[in-house]
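A.B. asks:
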Amino acid sequence: EAGVTQFPSHSVIEKGQTVTLRCDPISGHDNLYWYRRVMGKEIKFLLHFVKESKQDESGMPNNRFLAERTGGTYSTLKVQPAELEDSGVYFCASSRTDNYGYTFGSGTRLTVV
Amino acid sequence: RKEVEQDPGPFNVPEGATVAFNCTYSNSASQSFFWYRQDCRKEPKLLMSVYSSGNEDGRFTAQLNRASQYISLLIRDSKLSDSATYLCVVTLMNTGNQFYFGTGTSLTVIP
Chain A
1 EAGVTQFPSH SVIEKGQTVT LRCDPISGHD NLYWYRRVMG KEIKFLLHFV
51 KESKQDESGM PNNRFLAERT GGTYSTLKVQ PAELEDSGVY FCASSRTDNY
101 GYTFGSGTRL TVV
Chain B
114 RKEVEQDPGP FNVPEGATVA FNCTYSNSAS QSFFWYRQDC RKEPKLLMSV
164 YSSGNEDGRF TAQLNRASQY ISLLIRDSKL SDSATYLCVV TLMNTGNQFY
214 FGTGTSLTVI P
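Protein chains in written order, with this note's numbering: chain A, 1 to 113; chain B, 114 to 224.
Put into structure tokens, the structure is as follows:
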């Protein structure tokens, strides 16, 4: 089966600009997660979708971040306006059930300058 | 306080050596435990789940000690291809399937 796909793989934007990251989960996986790793820190949870519903968005850092999953398929994560501290690697992951390890995408490396 | 603590290393070991990593978790309500492997600039990949009874997959053995709240990973007969960062991951009982990651332990296997 195809894995979790993320686009773009890299993005360099200026402070104040908007960036939209996309994640296509494995087909049939209802659970979709966004995580982020900033330089020197551990990977941290951002939010969790079950189909099109936000199950848990407790990790979203602030209201500059907006995640959507219309139709319960792919998801987007928009950062608007981007700040320097938003730089990092954004991982998406998906799972079929809510009680097992999941599959990660290769990540989007975001650099805000 | 971090949910998961790992020694970042680096661990540099010769081929064929046995190496062990430990990871401690702070919340006694931790529910599920995993070891993930992450190669440089790649995504984390599931290496193995960790069970109280311990589990083994080839050269890899994982153990969970709930009383002491630590998880271990033992790699026997290290191969060059084992060089990677090993991430300890836990989930908590009341936060669904949200993963809490350690910062990872870096392993380099030397020829």
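Glycine residues also receive a C-beta, built at the ideal position from the N, C-alpha and C atoms.
Bear in mind that the values here come from a model prediction, so they are computed numbers and not experimental data.
Tell me whether the segment 126 to 133 of chain B and the segment 59 to 79 of chain A touch, counting them as touching only if at least three CB pairs, one residue from each stretch, are closer than 8 Å.
C.D. replies: Touching, no.
A.B. asks: Work out the CA separation of Q144 of chain B and G209 of chain B for me, nearest whole Å.
C.D. replies: Near 10 Å, if we compare the C-alpha coordinates of Q144 of chain B and G209 of chain B.
A.B. asks: Tell me, please, which residues DSSP counts as bridged to R37 of chain A.
C.D. replies: In DSSP, R37 of chain A forms a bridge with A:V89.
A.B. asks: Should the segment 63 to 80 of chain A be called in touch with the segment 157 to 175 of chain B, which here means at least 3 C-beta pairs below 8 Å?
C.D. replies: Cβ pair count under 8 Å is below three, so no.
A.B. asks: What is the DSSP secondary structure of T18 of chain A, counted as helix, strand or coil?
C.D. replies: T18 of chain A: coil per DSSP, three-state reduction.
A.B. asks: Under a three-way DSSP split, which group does D195 of chain B fall into?
C.D. replies: Helix at D195 of chain B.
A.B. asks: Tell me, which residues are paired with L159 of chain B by DSSP?
C.D. replies: DSSP, once it has assigned bridges, lists B:Y149 as partnering L159 of chain B.
A.B. asks: For the segment 206 to 222 of chain B, which residues have a beta carbon sitting closer than 8 Å to at least one beta carbon of chain A?
C.D. replies: Listed in sequence order: T208, G209, N210, Q211, F212, Y213, F214, G215, T216 and G217.
A.B. asks: Closest Cβ-Cβ distance between I26 of chain A and chain B: below 9 Å?
C.D. replies: So no, I26 of chain A is outside the interface.
A.B. asks: Counting Cβ pairs closer than 8 Å, one from the segment 157 to 173 of chain B and one from the segment 117 to 126 of chain B, do we hit at least three?
C.D. replies: Segments in contact, no.
A.B. asks: Go ahead and label E85 of chain A buried or exposed: buried means 16 or more other beta carbons lie within 10 angstroms of its beta carbon, across all protein chains shown.
C.D. replies: It is exposed - the Cβ of E85 of chain A has fewer than 16 other Cβ atoms within 10 Å.
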